[in-house]
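Numbering (my numbering), first residue to last: 23 to 216.
Here is the structure we will look at.
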Amino acid sequence: MTWASRLYLFFVSMLFGGLIVALLTLLFPTPTQAEPIVTESTSTVTTNGSQTTTVKSPPPSAIAPQFSAGNNSDLCTIGATGAVQTQILGISVGSTFTEENCIRLKNAKTLYDMGMKVAAVSVMCQDKKVFDAMMNAGTPCPYDGLIGDAAKDAWQTHTDKTPVEGETDEPTAEDKRNQALGIIGGVFGAALLF
Numbered sequence: 023m024t025w026a027s028r029l030y031l032f033f034v035s036m037l038f039g040g041l042i043v044a045l046l047t048l049l050f051p052t053p054t055q056a057e058p059i060v061t062e063s064t065s066t067v068t069t070n071g072s073q074t075t076t077v078k079s080p081p082p083s084a085i086a087p088q089f090s091a092g093n094n095s096d097l098c099t100i101g102a103t104g105a106v107q108t109q110i111l112g113i114s115v116g117s118t119f120t121e122e123n124c125i126r127l128k129n130a131k132t133l134y135d136m137g138m139k140v141a142a143v144s145v146m147c148q149d150k151k152v153f154d155a156m157m158n159a160g161t162p163c164p165y166d167g168l169i170g171d172a173a174k175d176a177w178q179t180h181t182d183k184t185p186v187e188g189e190t191d192e193p194t195a196e197d198k199r200n201q202a203l204g205i206i207g208g209v210f211g212a213a214l215l216f
């Protein structure tokens, strides 16, 4: 089949298809849209009264800051936070304090990792409970470079140098936490008066 005959058949099929569409349109006409019905009316409405709208919504929230050392294991701090919200004022406060035993443990671990085992034990022996445990186990804490029985004899001679629990001038971690919570409570109490 040549290109000319193909082109001829294409035009004939297009013409025949157009005639079919025209006949179907004449036989089955599409419905036309009806005109909308318009009515005119007038009415008068008279209203007497009053309207009151009261909107009650909660106040914005005071959100306490987040202090945490959870993701960073090199920090020996503990956080204390709080928040209070009244109809007028919202306050949030926070504080951190250092945990001394955590610092002692980190220092002892660092010394031990550097091969300074006696120094690491000596750091741990600054805690009265560790000191007593070492003495009860028969492995006394080092004293001025002495270890073993020589250290035990030195500790028995110099009892004034043994660690005593709670004898430091520095407040304990619990004291610091209680102080921070007291400050936060005071701020909350003052905010509640507003």
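By construction, the Cβ of each residue, glycine as well, lies at the ideal position given by its N, Cα and C atoms.
Asked                                                                                                         : Found
Other residues of its chain near V143: CB distance less than 8 Å, five sequence neighbours each side excluded : A130, M156, C163 and P164
Backbone secondary structure at A105 - three-state DSSP                                                       : strand
Alpha helix (DSSP H) segment containing I283, residue limits                                                  : Because the chain in this structure spans residues 23 to 216, residue 283 falls outside the shown range and cannot be described.
Segments assigned alpha helix (DSSP H), at least 4 residues, entirely inside the stretch 133-194              : 139-146, 150-158 and 171-179
Where V115 falls: helix, strand or coil (DSSP)                                                                : strand
Helix, strand or coil at I205 according to DSSP, with G and I counted as helix                                : helix
Which listed residue (G112, Q148, L111 and S117) has its alpha carbon closest to that of L127                 : Q148
Local conformation of R99 per DSSP, three classes                                                             : It should be noted that the sequence gives Thr, not Arg, for residue 99. Here T99 sits in strand by DSSP.
Candidates M36, A105 and F119: closest to L97 by CA position                                                  : F119
Buried versus exposed call for F33 [16 or more other C-beta atoms within 10 Å across all chains shown]        : exposed
Burial state of F153, where buried means 16 or more other Cβ atoms lie within 10 Å                            : buried
Neighbour-count burial assignment, V60, 16 or more Cβ in a 10 Å radius                                        : exposed
Whole-angstrom distance between G207 and M146, CA atom to CA atom                                             : 35 Å
C-alpha gap between Q201 and V115, whole angstroms                                                            : 13 Å
Distance between beta carbons of V186 and K150, contact taken as under 8 Å                                    : 6 Å
Residue from V43, L48, I113 and A159 with nearest C-alpha to I19                                              : Outside the shown range of the chain (23 to 216) lies residue 19, about which nothing can therefore be said.
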